[in-house]
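*Asks:* Following the working numbering, the numbering of the sequence shown begins with 34 at its first residue and continues without gaps.
Positions of the beta carbon are idealized from the N, C-alpha and C atoms, including for glycine.
It should be emphasised that the depicted structure is a prediction, and the values quoted were computed from it without experimental measurement.
Quick one: the structure is below, questions incoming.
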Amino acid sequence: MTKKEFISQLKDTLEGMVPASVLHENIQYYEKYFYEKISEGKTEAEISEELGNPRLIGKSIIEANGDQQIYYDEEPEEKEESYTRTRVYTADSRKFKIGCAITVFLILMALIAIFKVVLTFLGPIFIIGIVIYFIYQILHR
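Right, dumping it as structure tokens:
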């Protein structure tokens with residue numbers, strides 16, 4: 034397994050399961066580890082074999098940092114290793130921030146559309162009301 038594959042699997046396992054700071058810290062650690070071992074003359078495959086399965090490493094990191102998880106859980110999703118995991122979104126998650134921004138944007142657009150429709154119909158309704166009022170006044174004199 035190459036360094037890129039190892040880091041990718043580790044990141045996939047950790048993303049959304051631990052705070053972004055823990056994810057970033059561990060990715061940096063393993064990238065630095067690969068760099069140091071390569072400079073000692075080892076190949077990426079040897080280093081990957083020495084480290085073991087990146088998904089199991091990720092699971093260990095998740096268990097060690099489980100108390101830092103915040104927000105909500107969604108349905109467990111099946112993984113290749115036949116274990117389930119629950120994805121937890123944190124306030125510093127990029128996906129969480131993008132989701133919040135999109136939600137705020139959609140709510141604002143809906144409010145603007147409703148306001149525009151109300152203003153469009155409010156003018157004619159107001160004029161019709163005035164005309165009916167004057168006709169009523171004229172007929173009752």
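#1: Verify whether the separation of the beta carbon atoms of G91 and L144 is less than 8 Å.
#2: Using DSSP with H/G/I as helix, E/B as strand and the rest coil, what is S126?
#3: So what does DSSP say about N98, is it helix, strand or coil?
#4: Spatial neighbours of T35 within its chain, please: C-beta separation below 7 Å, excluding the five flanking residues on both sides.
#5: Taking 8 Å as the cut-off, does the region 130-142 touch the region 44-60 (at least 3 CB pairs, one atom from each stretch)?
#6: Could you tell me which of K149, P52 and I80 sits nearest to K37, measuring between CA atoms?
#7: Compare the C-alpha of R88 against each of F138, Y62 and I40 and name the closest.
#8: Is N98 closer than 8 Å to V151 when the C-beta atoms are compared?
#9: Once the 5 residues before and after F67 are set aside, which same chain residues still bring their CB inside 6 Å of it?
#10: Specify, as a first and last residue, the run of the alpha helix (DSSP H) that N59 falls within.
#11: Would the beta-carbon of L43 fall within 8 Å of that of I60?
*Replies:* In short, the structure shows the following:
#1: no
#2: coil
#3: N98 falls in the coil class under three-state DSSP.
#4: The beta carbon of T35 is closer than 7 Å to those of E77 in its chain, skipping five residues each way along the sequence.
#5: no
#6: I80
#7: I40
#8: Taking 8 Å as the cut-off, the Cβ atoms of V151 and N98 do not count as close.
#9: Within the same chain, F67 has close Cβ partners K36 and I80.
#10: From DSSP, the alpha helix (DSSP H) with N59 extends over A53 to S72.
#11: yes
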